[in-house]
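In the numbering used here, the protein residues as written are 810 to 1032.
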């Protein structure tokens, strides 16, 4: 009989890091391995999404896909496309609570045509940047004129942190998921400076925060 070991999740709930998706992904990958079910990583994505729906109320393949497969993923009804992207990142998690419900409620129900045109262009830049491991293109693709401005109002100091990170060398800054984590793409040599700058910017607003110098991960691992 195989032994199992339980551990605590390392992702804080309501952080904007898809904590419920991480749990669902870990369960799907772990049980697939434990019981030798033989599902591929891509086949596990919709299974894990159903598990996430039990917790969050909605099944989102785009949340569980990167947790399982790693890299940069695009989830559609036809399946998941994955790229082993390698982009340096800085993630700054402020001591602010943003509920997923609030973050969803503030999203506009409609968008102007020019906003949608820009959004499609930015998505193309982001995808191309991930394929090329190009922080500049990825940063351009992170710009959003529809969802981020609405959710930014829920994060005290977001605009100041964003401007400070860009001034320190970040190629792009946005809100991770529903927030409150603020994430920046950058060149490797700029990460430390950007991390310090983002912490200071939140501190200037009287907001405590933690910062992580990281990069795009490789997905779920079985130990």
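Where is the CB? At the ideal position from N, CA and C, for every residue including glycine. All values reported here derive from a predicted model rather than from experimental measurement.
Output the distance between the C-alpha atoms of residue i and residue j, rounded to the nearest integer angstrom.
i, j, result
"residue 825", "residue 922", "28 Å"
"residue 913", "residue 907", "10 Å"
"residue 954", "residue 872", "21 Å"
"residue 773", "residue 969", "No statement about residue 773 is possible, as the shown extent of the chain runs from 810 to 1032 and does not include it."
"residue 927", "residue 917", "16 Å"
"residue 958", "residue 839", "38 Å"
"residue 1014", "residue 899", "19 Å"
"residue 975", "residue 930", "21 Å"
"residue 830", "residue 857", "8 Å"
"residue 841", "residue 849", "9 Å"
"residue 980", "residue 846", "42 Å"
"residue 945", "residue 910", "32 Å"
"residue 1030", "residue 1020", "24 Å"
"residue 894", "residue 1028", "12 Å"
"residue 1023", "residue 947", "15 Å"
"residue 960", "residue 991", "11 Å"
"residue 905", "residue 964", "7 Å"
"residue 1001", "residue 1008", "11 Å"
"residue 962", "residue 836", "34 Å"
"residue 827", "residue 859", "14 Å"
"residue 821", "residue 1032", "22 Å"
"residue 1012", "residue 823", "21 Å"
Less than 8 Å between the CB atoms is what I'm expecting for residue i and residue j, so what's the real figure, rounded?
i, j, result
"residue 951", "residue 983", "4 Å"
"residue 1003", "residue 993", "6 Å"
"residue 896", "residue 942", "6 Å"
"residue 892", "residue 880", "5 Å"
Buried or exposed, going by whether 16 or more other CB atoms sit within 10 Å of the CB of residue i?
i, result
"residue 925", "exposed"
"residue 861", "buried"
"residue 935", "buried"
"residue 967", "buried"
"residue 933", "exposed"
"residue 902", "buried"
"residue 1026", "exposed"
"residue 971", "buried"
Using only the heavy atoms of the ligand PLP, determine whether one of them is closer than 7 Å to the beta carbon of residue i.
i, result
"residue 897", "Ligands are entirely absent from the displayed structure, and the ligand PLP is therefore not among its contents."
Apart from the five residues just before and just after residue i, which ones in its own chain have a Cβ nearer than 6 Å to its Cβ?
i, result
"residue 973", "1006, 1010"
"residue 999", "978"
"residue 834", "857, 873, 876, 877, 1029"
Cutting at 7 Å between CB atoms, please list the residues of its own chain near residue i, excluding the five before and the five after it.
i, result
"residue 810", "Residue placement at residue 810 is poorly supported in this model, since its pLDDT is 44, which falls under 50; the coordinates are not used for a value here."
"residue 920", "955"
"residue 995", "897, 899, 944, 978, 979, 980, 1003"
Apart from the five residues just before and just after residue i, which ones in its own chain have a Cβ nearer than 8 Å to its Cβ?
i, result
"residue 889", "851, 854, 870, 874, 878, 882, 883"
"residue 997", "897"
"residue 949", "931, 934, 935, 938, 980, 981"
"residue 915", "959, 960, 962, 963"
With a threshold of 8 Å between beta carbons, is residue i in contact with chain B?
i, result
"residue 940", "Reference to chain B is not applicable here, since this structure consists of a single protein chain."
Does the segment 986-996 come close enough to the segment 883-891 to have 3 or more Cβ pairs within less than 8 Å? no
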